[in-house]
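The structure appears right after this line, and notes come after that.
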Amino acid sequence: MKVVSSYQSVVRGVSEQVPQQRHPGQHYEQVNLVSDPVRGLARRHGSITLDEKLIDSASLMTPTRVAWARNYREYSFFVAGTEYSLVYQAYERTAGDALPFCFVLNKDTGKFLNVNLVDAAALAPWIDGGASAVTTVGQYVVMAAQKLGPGYSVDDPFTLHGQQAVAWVRGGAYSRTYTLKVTRASDSAQFTATYTTMSSSYPYLLNTSDIPATNPDGSVNKDYQKLVNDRVYAYNSAVNKWVGDAAADIQPQNIAQKLIDSLVSQGFVNVGRLGGTVYFDNAKAASADDAGDGSLLRLVFNEVDDAAKLSGVHAPGKVVRIKAKGADPYYMVATGDQSGNTTGPWQTVTWKEAAAQVITPGQVFALGAVSVDGNTFHLASTPAGLAAATGYTVPGYVPSKSGDTATKGAVPYFFGKRITLLTVFQDRLVIVANGVVFLSKTGDYFNWFRDSAITVKDDDPIEVYALGAEDDIIRRSVTYSKDLFMFGERKQYAISGRVALTPKTAAIMTAANERDSTYAQPCVVGNLLFYGKYAASAAQTGPSLYAGAMSQFQLGLFQDTPETFKVSQQLGLYLRGRPVELTAMSSPSTVFMRTDGTDNGVYVYSFIDQPGSQQRAFDSWSRWQWAPEVGQLIGMTVYKATLYVFTLRTRGTETWVACEQFTMDATLSDRPYLDMQRRAKDYMGNTGFLGKTTNAPTNGAVGAAGDILFMGAALSGFDAFWQDMLGSAADPNAYVGMQYDSYVTPTQPFTRDQNNNAIVNGRLVVSRYSVSVADTGGMTADLQANGTSTQVFSFNGRLVGHSNNRPSMQPVTTTVLNVPAGRSNMEHKITMKSVRWLPMTITAMEWVGQFFNNARRV
């Protein structure tokens, strides 16, 4: 029975399901083709070399160095409205290798910047150990190291000034005993100074009884009254003097001096006075007593129970603990009124809150910045080093301002540990080590300490972790639906962005449980969050022992409950290797995947979602592959709806870095379909990786643009083509590049019953395929059967009688091509291939065959 049917679609990409179960339009393989639901299956445009630089001319790319090159990762950032791309080493390698640590590209100009490693020796943990996390704060790129935990130093002003004390005589009282006890620190000798003030009243009575009223001879003492008066006058003078002396005696300055005199007389000489305050040093212990309630003589040594009890005189820099009963302690430091700082001699001071032990961050991040002229990227191990190299005012790491090292959380958790994630969220720098998330002070990214131990401010730093995340390692994050969505090795977590983040409101909640999803940075397309996964696959070929997969999170029917879906479920081992990078463009909706099992290509996932639903109207998996001469893939990013691919290419002992621009455009190109394109003039001048006399690969070619578009020749025939077709022009309208194949192997057809199930117990012999093509300059077809492959069809774009069939022109034709088969559908595969540098677009396919079946279907 003769049967004729058509493929419902030709743009549904690759599927590894059994052939009869695949969706219409899915193929065995699709390489270097764009699945465009509008135009069909079109050959991708060739890549354009934006820039390339020689980076090493003495070392071969050994298998070990090729493996290291797979550790490059890409990070995009903006500076002053210009977007840049940073490609950096993410993992450890042998010290001293010649491969650069990083490359930086200006996406606007497409040119590489010079990279200046300001202090290469200090940057060794990054250069040799790799960067574990990267983010941008302001105009600065911040990098954490795989092999370096952030360090810090501790200054202890509390202990440094711990032997300084004052005894503040706040007032005097009559008949009061003041006692000051000091234990000398140098030898533990004890000294006790005691002074009792004078009484307020004269301690003696007036007595005139000893003055005789008569003389010895019995006569009246005529001087008696005078003597009594003199006695009274003298007594009154003594009383008045006593009152004056007593008033002077109770003055604080006097009491202080008496105590000092007593101490000095005993041999304690580290003592002085300023007003009514006794100050002394070299003290291990001290106490003061005023024989009362303590309000007249107050000791300010290392601790008081109320900040109101601090003295007005002290040593600048003195730190005192304030420890009230039932309250957490805090510390106050004395700032000199004369010196204006915490140095200088004993003086009147002003107290403010400070840290008992000052924690000063040391080597924490590598910091990078683009120079003013935009030509150089400077990378330094410290803010000071970057400031010296760039002339910028680079903010430094802010030391602690309050508390002590004994307080819980005084030293942020990430110090001394490998930082696994850096990002910015709600104007805070997010620093993650293992499962603990730390957020800097709002707007002050390098300030990681509270301003006060007394009060908690809304903009104070935050340290938090999710319940169950204690033993997890959080490595990736994206901002998704206003939230910070973080990926750990075991689970996913979210910090809400719907409310302002404060120390009182911060919380991390577990959002999902997807393991092995942190090897590649996730990417967001619209309301979809794509992330890579992998599984062990030791039997597959290639450098990786894993097979990749890709899934997506999508906001579900319930708030804060994302739904996960595996978008590569129709694939098995097609995605070779672990996904290491994902990047996406929204028009058309496409996700590009780089894996560690494919060095010369990327995987492409295109899709269209049904509006207003959670269903997918179209999706397609395929791969792009380029010639080895184009180079080993080390990074990729998107810019203005194009894909930028970074490669390392070799020429003998030379290693070059290059940036190639790809596009998803399915329309007819105005250039030849060649990768690594550059002007023919540059090739003739030997100005780049390809050169007429320096490097002319056998699979390289030259193709014309303009009036003789798609005319071309292999590089071995460049001179003849240049002379005959390009008129020996100095700058011809032609391009040189590397050839690449574009091909598709569609699923063979099946007859189906009334339930649309494939009939497999009959025999379907396919006579031919009718392939509708548009804007096609050439196509071949290979038939694979019985373990062999035979070319059964060739088309050069020329059709007799068509107006475009002219000499010295390459026609581009829209027609229907009949490809013979003559095989059972289960015994053959057909592969349609492009030709050289010519365009090819397949818009539809039909097939004609004979079906043999003696059984009746029920």
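Read in order, the letters of the sequence shown correspond to residues 1 to 858 in full-length UniProt numbering.
Glycine residues also receive a C-beta, built at the ideal position from the N, C-alpha and C atoms.
Computed from a predicted model, the values in this text were never measured in an experiment.
Nearest-angstrom beta carbon gap, residue j and residue i [assumed within contact, 8 angstroms]
{"i": "Ser669", "j": "His23", "result": "Between His23 and Ser669 the Cβ distance is about 29 angstroms, and since that is not below 8 angstroms, they are no contact."}
{"i": "Gly488", "j": "Ala469", "result": "6 angstroms"}
{"i": "Ala120", "j": "Asp56", "result": "That pair is no contact at about 16 angstroms."}
{"i": "His161", "j": "Gly409", "result": "25 angstroms between Cβ atoms; not a contact."}
{"i": "Asp675", "j": "Ala734", "result": "So it is not a contact: roughly 16 angstroms between Cβ atoms."}
{"i": "Asp36", "j": "Ala666", "result": "4 angstroms"}
{"i": "Met840", "j": "Met779", "result": "5 angstroms"}
{"i": "Thr745", "j": "Tyr28", "result": "4 angstroms"}
{"i": "Thr747", "j": "Gln26", "result": "6 angstroms"}
{"i": "Ala193", "j": "Leu259", "result": "4 angstroms"}
{"i": "Ala714", "j": "Thr49", "result": "Between Thr49 and Ala714 the Cβ distance is about 19 angstroms, and since that is not below 8 angstroms, they are no contact."}
{"i": "Asn699", "j": "Thr693", "result": "About 18 angstroms separates the two Cβ atoms, so there is no contact after all."}
Closest by C-alpha distance to residue i, when choosing among the options
{"i": "Gly276", "options": "Ala238, His378, Val166 and Asp328", "result": "Val166"}
{"i": "Leu783", "options": "Ser794, Ala774, Gln8 and Glu846", "result": "Ser794"}
{"i": "Ile211", "options": "Val638, Val394, Gly25 and Lys226", "result": "Lys226"}
{"i": "Lys401", "options": "Lys457, Gln139, Ala354 and Ile634", "result": "Ala354"}
{"i": "Tyr75", "options": "Ala69, Trp68, Tyr84 and Ala67", "result": "Tyr84"}
{"i": "Thr653", "options": "Ala666, Asn695 and Thr687", "result": "Asn695"}
{"i": "Ala705", "options": "Met809, Met738 and Ser537", "result": "Met809"}
{"i": "Ala327", "options": "Tyr204, Asn240 and Thr455", "result": "Thr455"}
{"i": "Asn32", "options": "Arg231, Ala511, Val848 and Trp837", "result": "Trp837"}
{"i": "Gly712", "options": "Gln190, Val736, Pro697 and Arg73", "result": "Val736"}
{"i": "Ser716", "options": "Ile708, Ala701, Leu709 and Leu726", "result": "Ala701"}
{"i": "Asp458", "options": "Arg671, Leu299, Gln338 and Thr505", "result": "Thr505"}
{"i": "Met826", "options": "Thr687, Gln20, Lys2 and Val3", "result": "Gln20"}
{"i": "Gly403", "options": "Lys352, Asn434 and Thr197", "result": "Lys352"}
{"i": "Ile462", "options": "Ser440, Lys482 and Phe446", "result": "Ser440"}
{"i": "Val154", "options": "Val773, Val411 and Leu501", "result": "Val411"}
{"i": "Leu105", "options": "Val271, Asn375 and Ala334", "result": "Asn375"}
Residues bridged to residue i (per DSSP)
{"i": "Met779", "result": "Phe795 and Ser834"}
{"i": "Asn477", "result": "The amino acid occupying residue 477 in the given sequence is Ser; Asn does not appear at that position. Answer by DSSP bridge pairing, in chain order: Met486."}
{"i": "Phe191", "result": "Val182"}
{"i": "Leu50", "result": "Its beta-bridge partners do not exist; DSSP assigns none."}
{"i": "Lys2", "result": "Gln850"}
Close-in-space but distant-in-sequence residues of the same chain around residue i (CB under 6 angstroms, 5 per side omitted)
{"i": "Ala520", "result": "Gly532, Pro579, Val580, Glu581 and Leu582"}
{"i": "Arg798", "result": "Asn805 and Pro811"}
{"i": "Gln163", "result": "Ala185, Asp281, Asn282 and Ala283"}
{"i": "Gln554", "result": "Leu528 and Glu563"}
{"i": "Gly130", "result": "Gln89, Ala90, Tyr91, Glu92 and Gln146"}
{"i": "Gly601", "result": "Arg623, Trp624 and Gln625"}
{"i": "Ser6", "result": "Glu846"}
{"i": "Thr348", "result": "Gly312, Val313 and Asp337"}
{"i": "Phe191", "result": "Val182, Leu263, Gln266 and Phe268"}
{"i": "Ala758", "result": "Gln20, Phe750 and Arg752"}
Residue i at chain C interface by Cβ criterion, 8 angstroms
{"i": "Phe607", "result": "In summary, chain C is missing from the structure at hand, where a single protein chain is found."}
Residue j beta carbon less than 8 angstroms from that of residue i
{"i": "Ala307", "j": "Tyr331", "result": "no"}
{"i": "Tyr392", "j": "Val364", "result": "no"}
{"i": "Asp619", "j": "Tyr605", "result": "yes"}
{"i": "Gly691", "j": "Val87", "result": "no"}
{"i": "Ala40", "j": "Val11", "result": "Here residue 40 is Gly; the residue named in the question, Ala, does not match the sequence. Yes, they are a contact pair."}
{"i": "Gly631", "j": "Arg649", "result": "yes"}
{"i": "Met832", "j": "Val771", "result": "yes"}
{"i": "His828", "j": "Ala785", "result": "yes"}
{"i": "Arg566", "j": "Ser551", "result": "Just to set this straight, residue 566 is Lys in the shown sequence, not Arg. Result yes, Cβ atoms of Lys566 and Ser551 sit closer than 8 angstroms."}
{"i": "Pro503", "j": "Asp451", "result": "no"}
{"i": "Gly362", "j": "Pro252", "result": "no"}
{"i": "Gly548", "j": "Met593", "result": "yes"}
{"i": "Phe646", "j": "Phe78", "result": "no"}
{"i": "Ala213", "j": "Tyr202", "result": "no"}
{"i": "Gly368", "j": "Tyr140", "result": "yes"}
{"i": "Glu629", "j": "Pro697", "result": "yes"}
Beta-carbon contacts of residue i that lie in its chain and below 7 angstroms, excluding the five residues immediately before and after
{"i": "Val304", "result": "Leu310, Val320 and Ile322"}
{"i": "Asn522", "result": "Looking at the sequence provided, one finds Pro at residue 522 rather than Asn. Same-chain partners within the cutoff: Arg476, Val478, Phe487, Leu529, Phe530, Tyr531 and Leu582."}
{"i": "Val760", "result": "Gln20"}
{"i": "Ser9", "result": "Pro24 and Gly25"}
{"i": "Ser371", "result": "His378 and Thr390"}
Cβ neighbours of residue i in the same chain (closer than 8 angstroms, five flanking residues each side left out)
{"i": "Ala291", "result": "Arg176, Thr177, Tyr178 and Thr179"}
{"i": "Leu123", "result": "Phe101, Leu117, Ala366, Leu379, Ala380 and Ser381"}
{"i": "Asn513", "result": "Arg490, Lys491 and Gln492"}
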